[in-house]
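To start, the structure itself, in structure tokens.
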Amino acid sequence: MEKELQQIFTKNDLKIVGKAVRRIDAIHKVTGTARYTADYYVPGMLYAKVFRSDRIHAIIKKIDTSGALRLPGVVAVVTGRDLPNKAPFGYIYPDEWILPIEKVRYYGEGIAAVAATSKEAAERALDFIKVEYEDLPAVFDPEEAMKEGAPQVGAKKRNLMNELHTKKGDVEKGFDESDAVVEHEFRTQRIEHSYLEPEAAVAIPEGDTLTIITNSQYPFFARYALAHSLNIPLNKLRLITPPLGGSFGGKDSSAIWCTGKAALLALKTGKPVKLVYTREESMIESNKRHPFIMRYKVGATNDGKLLALKALNIADGGAYPSSSAVVLFRAHVHSTGPYEFPNVQVDSYVVYTNNVLAGAMRGFGTPQVNFAIDSILEILATKLDMDPVDLKMKNLVKNRSTLLTGQILDGHVVSSRQLLKRAIELSEYKKKRELYKQDKGRYRRGIGIANSIRGVSFGGEGFDYANGIITVHEDGSVAIATGIIDGGQGAKTVLSQIVAEVFGIPYDYVYYLDSDTGVVPNPLTTSASRGTVMGGHALSRAAIKIKSRMTKVAAEVLKTKEENIVFEDGVVFDRTDKSKRISFKDLALLCHQRAEVMTESGWYSAPPLTWNPETGTGSVYFTFSYTTNVAEVEVDTETGNVKVLRIYALHDSGRIVNPKTARSQVYGGLSWAIGFALFEDFKLKNGIPQQINFDKYKILRAIDAPDISIEFIENPDPNCPFGAKSLAEPALEIGGPAIIDAIYNAIGKRVDSLPATPEKILRLLKE
Ligand code: MOS
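For the sequence shown, my numbering assigns the number 3 to the initial residue and increments by one for each residue that follows.
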């Protein structure tokens with residue numbers, strides 16, 4: 003099977019993979035017939051609302067729900083005390099509750115939930131819930147939180163959710179041998195996912211089972227948390243995932259807070275319960291991008307050979323652990339960016355605070371460290387009187403380079419240099435960099451470049467597999483059932499293309515069902531830009547099993563040898579005599595009539611990886627994607643406004659399965675990168691969010707989008723299905739530093755804390 007798959011994966015004349023086929027869900031979505039979670043109504047359904055605390059950090063002494071329960075229409079009120087199992091669950095380690103029992107840890111935390119016969123009744127009931135608190139001292143600064151004697155927010159000593167330490171070579175010796183050493187502190191901000199569709203769930207009890215329609219990005223995590231908290235076996239919990247209106251990591255672990263409350267109320271009342279968050283609730287409760295404090299020190303020889311990097315990363319994880327521990331892992335092991343240092347020391351910490359929680363967000367810790375590493379190299383380049391791009395080029399990883407963790411880059415094309423060379427040429431960087439320095443008027447242009455390497459799928463700190471089920475029906479149509487979720491990124495389309503390619507059938511023969519945990523096994527989370535790679539591997543394996551059975555039957559009826567059978571364009575024929583042929587459809591029917599097994603599952607386990615937490619070393623990813631971004635900006639020196647004029651995005655994500663969905667990934671990603679660089683900022687004041695709707699929280703508007711030129715440099719990767727690697731997160735992880743260096747080129751000043759607001763730019767210009 004593996005040999006046969008390798009042959010298919012490395013074919014040159016692909017028919018469906020590599021083509022810009024229409025998204026499988028395009029018609030549903032543009033005609034409004036796609037049903038999202040909030041579109042589901044069930045007879046007899048109750049409506050839920052969440053009671054949110056206005057304390058930052060406080061012991062819950064008593065919650066009096068009697069006044070609410072006396073109101074007309076109110077059916078039930080639940081608190082943490084109603085949880086059948088009063089033990090915490092966790093994404094990485096247990097320290098979370100569907101509803102907290104002992105204390106609240108952040109502003110707006112939900113501590114009770116109401117079910118009523120109407121939304122209005124549920125809403126009104128919230129005013130009749132009375133709570134007695136005992137306030138606790140709070141901590142908002144991650145560095146304060148790490149200190150001895152700081153208020154204890156969560157389950158870990160010194161509020162340390164995770165710490166990681168890596169040493170390679172001898173960093174002090176590296177600095178001693180350096181001709182130039184620079185150090186600098188960088189800060190990044192908290193960011194909101196801003197998906198269009200807020201969290202929602204409809205929980206439907208039926209006998210002793212609970213069916214929940216919910217927009218979770220990782221319904222299997224929600225299922226585990228529910229099973230644990232509600233004492234229900236996994237097979238009695240059926241989570242169905244309709245199309246998602248965006249997620250980007252945000253509905254990965256945080257969606258459980260909404261789903262869990264609906265489920266608990268359904269269990270308590272025995273009735274279907276619907277809970278749909280408002281935008282404000284979503285912004286208050288969902289996890290955010292971790293703000294980072296990064297202190298980086300680099301040393302190099304006079305001719306720009308990097309000798310040492312010492313890096314400290316401190317991330318604010320907020321009030322609950324979510325996926326912070328693994329976000330830190332990814333940030334930590336990507337701290338050198340795509341640059342090779344013989345001597346490295348990196349120390350990373352993620353810390354509890356009484357701020358809104360932070361967790362998975364597209365990029366997963368790399369936009370922050372990429373900003374720091376590219377920026378510190380630019381500072382070093384200035385000191386060395388070099389163009390930053392020359393310094394970067396000189397030190398980019400290549401084949402057989404050793405990463406900070408000791409992993410040797412091997413088994414795929416390390417294309418960093420190829421990308422940077424092409425980016426310089428395409429953007430006419432050298433010419434523009436000099437030309438823009440001459441701008442002396444009110445409007446000044448600048449150009450900057452940043453590079454990245456990104457580990458594909460999960461890293462070596464955990465396990466990694468995926469799975470899926472395929473059925474070939476009697477009419478030759480094909481159904482895919484898997485828990486790989488389409489959050490809008492195009493997973494359904496791209497994986498259907500992969501399955502169609504394996505079967506040699508037209509793409510429109512394939513249908514991709516919504517995930518149902520009652521039917522499909524857990525393929526682990528659709529995150530880490532792993533959907534295409536891991537889902538593609540698993541589904542190809544399911545498909546090839548059925549295909550080999552169909553091959554046997556075809557050889558028999560066409561009276562030829564199995565090795566002569568070819569599947570192409572929906573026809574199965576004998577390569578030695580093309581007149582011997584049968585349509586895929588007829589062959590499927592025949593196979594059914596002969597009782598051949600036409601449903602198969604495929605499981606794919608990622609190649610083995612290593613991680614030694616003691617030394618911070620290991621072979622941490624089985625392959626990597628490469629990216630270069632060039633940004634051109636125009637700074638208005640009177641207002642401080644920065645306009646991004648153009649971005650060139652160059653990607654080696656291996657083979658591109660669908661050029662259209664791939665481009666949309668890059669456009670979407672870059673809109674985030676621009677917000678990260680220039681204006682997005684989820685501000686808290688003593689833990690209280692200051693912008694909880696889009697009237698105040700700014701994201702990129704279409705009218706402000708720059709010209710974007712995308713080039714895919716396809717080096718198909720032998721580790722991946724049809725050579726396709728990750729693209730989703732590479733798309734946004736270096737637009738930030740490219741823009742910031744372009745601003746430096748424009749005004750000769752460097753922004754070191756994001757976002758680069760007009761106020762900051764004006765302040766720098768005055769210095
Ligand atoms: Mo992603 S942030 O790995 O869903």
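Where a beta carbon is used, it is the ideal one built from N, C-alpha and C, also for glycine.
| request: Kindly indicate which residue of 708, 757, 740 has the alpha-carbon position closest to the one of residue 682. | output: 757
| task | Entirely within the segment 266-351 and at least 3 residues each: give me those beta strand (DSSP E) ranges in chain order. | result | 275-278, 294-302, 308-320
| query | Count the other CB atoms within 10 Å of the CB of residue 798; is the residue buried (16 or more) or exposed (fewer)? | reply | What the structure shows of the chain is the stretch from 3 to 769, and residue 798 is not part of that stretch, so it cannot be assessed.
| said: Suppose contacts are defined by Cβ-Cβ distances below 8 Å. Is residue 777 in contact with residue 390 by that definition? | reply: With the chain covering only 3 through 769, there is no way to say anything about residue 777.
| request: Flag this pair as yes or no: are the beta carbons of residue 395 and residue 419 separated by less than 8 Å? | output: yes
| field | Residues near residue 508 by beta carbon distance below 8 Å, same chain, minus five either side | value | 18, 502, 571, 572
| query | For the putative contact between residue 232 and residue 87, defined by C-beta atoms under 8 Å, what is the C-beta separation to the nearest angstrom? | reply | 7 Å
| query | Secondary structure at residue 711, three-state DSSP: helix, strand or coil? | reply | strand
| query | Under the three-state reduction of DSSP, which class applies to residue 30: helix, strand or coil? | reply | helix
| request: Pick out whichever of 274, 124, 564 has its Cα sitting closest to the Cα of residue 578. | output: 564
| Which whole-angstrom value is the C-beta distance of residue 486 and residue 3, which I expect to be below 8 Å? | About 20 Å; that fails the 8 Å criterion.
| Best match in 321, 620, 326 for proximity to residue 147 [C-alpha to C-alpha] | 321
| request: Can you tell me which of the three DSSP states residue 678 falls into? | output: helix
| said: Extract the residue ranges of the alpha helix (DSSP H) inside the segment 77-129, only unbroken runs of 4 or more that lie entirely within it. | reply: 121-127
| Under 7 Å from any heavy atom of the ligand MOS, does the C-beta of residue 296 make it? | no
| request: Report the option in 625, 133, 241 whose CA atom is closest to the CA atom of residue 207. | output: 241
| query | residue 756 by DSSP, collapsed to three states: which one? | reply | coil
| Helix, strand or coil: which one does DSSP assign to residue 601? | strand
| residue 254 Cβ short of 7 Å to the ligand MOS heavy atom set | yes
| query | If we call anything under 8 Å between Cβ atoms a contact, is residue 123 one with residue 74? | reply | yes
| query | In chain order, what residues of the same chain lie with their CB nearer than 7 Å to the CB of residue 518, ignoring the 5 residues before and after it? | reply | 240, 242
| said: Taking the alpha helix (DSSP H) that residue 801 belongs to, which residues open and close that run? | reply: For the chain, the structure presents residues 3 to 769; residue 801 sits outside this window and is missing.
| message | At the level of alpha carbons, what is the spacing between residue 154 and residue 161? | response | 6 Å
| task | Verify whether the separation of the beta carbon atoms of residue 290 and residue 360 is less than 8 Å. | result | yes
| request: Pick helix, strand or coil for residue 232, following the three-state DSSP scheme. | output: helix
| task | Could you tell me the distance, in whole angstroms, from the CA atom of residue 118 to the CA atom of residue 192? | result | 35 Å
| Nonlocal neighbours in the same chain, by C-beta distance under 7 Å from residue 426, ignoring five residues either side | 391, 432
| request: Mark residue 541 as exposed unless 16 or more other C-beta atoms lie within 10 angstroms of its C-beta, in which case mark it buried. | output: buried
| Which stretch, first to last residue, makes up the beta strand (DSSP E) that contains residue 745? | Run containing residue 745: none in the beta strand (DSSP E); it sits in the alpha helix (DSSP H), 737-749.
| By Cβ distance below 8 Å, which residues in the same chain neighbour residue 385 in space, the five residues on each side in sequence not counted? | 182, 184
| said: Any heavy atom of the ligand MOS closer than 7 Å to the beta-carbon of residue 219? | reply: yes
| request: Starting from the C-beta of residue 772, find all residues in its chain whose C-beta is less than 8 Å away, skip the five residues before and the five after it, and write them out in chain order. | output: The question about residue 772 has no answer here: the residues shown for the chain are numbered 3 through 769.
| If you measure from the CB of residue 536, is any heavy atom of the ligand MOS nearer than 7 Å? | no
| query | What is the DSSP secondary structure of residue 444, counted as helix, strand or coil? | reply | coil
| request: Return the CA-CA distance between residue 371 and residue 249, expressed in angstroms with no decimal places. | output: 22 Å
| query | Can you give, in chain order, each stretch of the beta strand (DSSP E) that sits fully within the segment 555-587 and has at least 3 residues? | reply | 567-570, 573-576, 579-585
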